[in-house]
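Enquirer: Residue numbers (the numbering used here): 29 to 211.
Glycine residues also receive a C-beta, built at the ideal position from the N, C-alpha and C atoms.
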């Protein structure tokens, strides 16, 4: 049985299983984060990720890895958008009421956060709002509020069914933002 070198000395296969579970629980995982988490070198992590990618278990991208998206597990945005619309609208209005003029906010991808964006737009009292989002549809919804709002799209790898942009670029940007509110 092959054993890794490092503080965490666990068998390679077990470490790879843990890495796989970790990657599958997130949109993106960085090599450096996995290195710190499993107490092994970044070279070792890259080898583990490459091996998992060769087996078709993850999607390897520059700087880290993403889960291998299975189309049947993720529902298209348009399909989810039509469910529970009244509830989402109420949540959107309540969330938008928490925002004050001059604030910086982050809106993640989702149908409920789209309702938040729509509710922000109709608040004529809001000015100088900076909105960071990884959601292409939210950016387009907020376009009508420019110049009252500044809309910043993160960039990143396109996640087609959700019309969103995911790491590595988006994560790097979000790490550097000081936002008042995050939805």
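Quick one: using the 10 Å Cβ neighbour count with 16 as the cut-off for buried, is residue 157 buried or exposed?
Expert: Buried, since its Cβ has 16 or more Cβ neighbours within 10 Å.
Enquirer: How is residue 66 classed by DSSP in three states: helix, strand or coil?
Expert: Helix.
Enquirer: May I have the straight-line CA-CA distance separating residue 145 from residue 113, to the nearest angstrom?
Expert: If I take the Cα positions, the gap works out to 14 Å.
Enquirer: Mind pulling the alpha helix (DSSP H) runs of 4 or more residues that sit fully within the region 147-191?
Expert: Runs of the alpha helix (DSSP H) inside the region 147-191: 164-170.
Enquirer: Starting from residue 127, follow the alpha helix (DSSP H) in both directions and report where the run begins and ends.
Expert: Here residue 127 belongs to no alpha helix (DSSP H), and DSSP marks it neither H nor E.
Enquirer: Whole angstroms are fine: how far does the CA of residue 137 sit from the CA of residue 117?
Expert: The straight-line gap from Cα to Cα measures roughly 16 Å.
Enquirer: Can you tell me whether residue 210 is helix, strand or coil according to DSSP?
Expert: Looking at residue 210 - three-state DSSP - the assignment turns out to be strand.
Enquirer: Using a Cβ-Cβ cut-off of 6 Å (strictly less than) and excluding sequence neighbours within five positions of residue 46, which residues of its own chain qualify?
Expert: Here the set comprises nothing.
Enquirer: Please state if the CB of residue 174 and the CB of residue 148 are separated by a distance shorter than 8 Å.
Expert: Taking 8 Å as the Cβ cut-off, residue 148 and residue 174 do not qualify as a contacting pair.
Enquirer: Quick one: grab the DSSP three-state call for residue 144.
Expert: Reduced to three states, the DSSP call for residue 144 is helix.
Enquirer: To which residues does DSSP link residue 194 through a beta bridge?
Expert: 185, per the DSSP bridge assignment.
Enquirer: Can you tell me whether residue 142 is buried or exposed? The criterion is at least 16 other CB atoms within 10 Å of its CB, across all chains shown.
Expert: With 16 or more Cβ atoms within 10 Å of its Cβ, residue 142 is classed as buried.
Enquirer: Is it buried or exposed for residue 206, if we count other Cβ within 10 angstroms and need 16 for buried?
Expert: It is exposed - the Cβ of residue 206 has fewer than 16 other Cβ atoms within 10 Å.
Enquirer: Hey, out of 171, 152, 108, 132, whose CA is closest to residue 159's CA?
Expert: Comparing Cα-Cα distances from residue 159 to each of 171, 152, 108, 132, the minimum goes to 132.
Enquirer: Compare the Cα-Cα distances from residue 186 to each of 211, 42, 55, 41 and report the closest residue.
Expert: Here the closest residue by C-alpha is 55.
Enquirer: Run the CB neighbour count on residue 42, radius 10 Å, all protein chains shown included, and call it buried at 16 or more, exposed below.
Expert: So residue 42 ends up on the exposed side.
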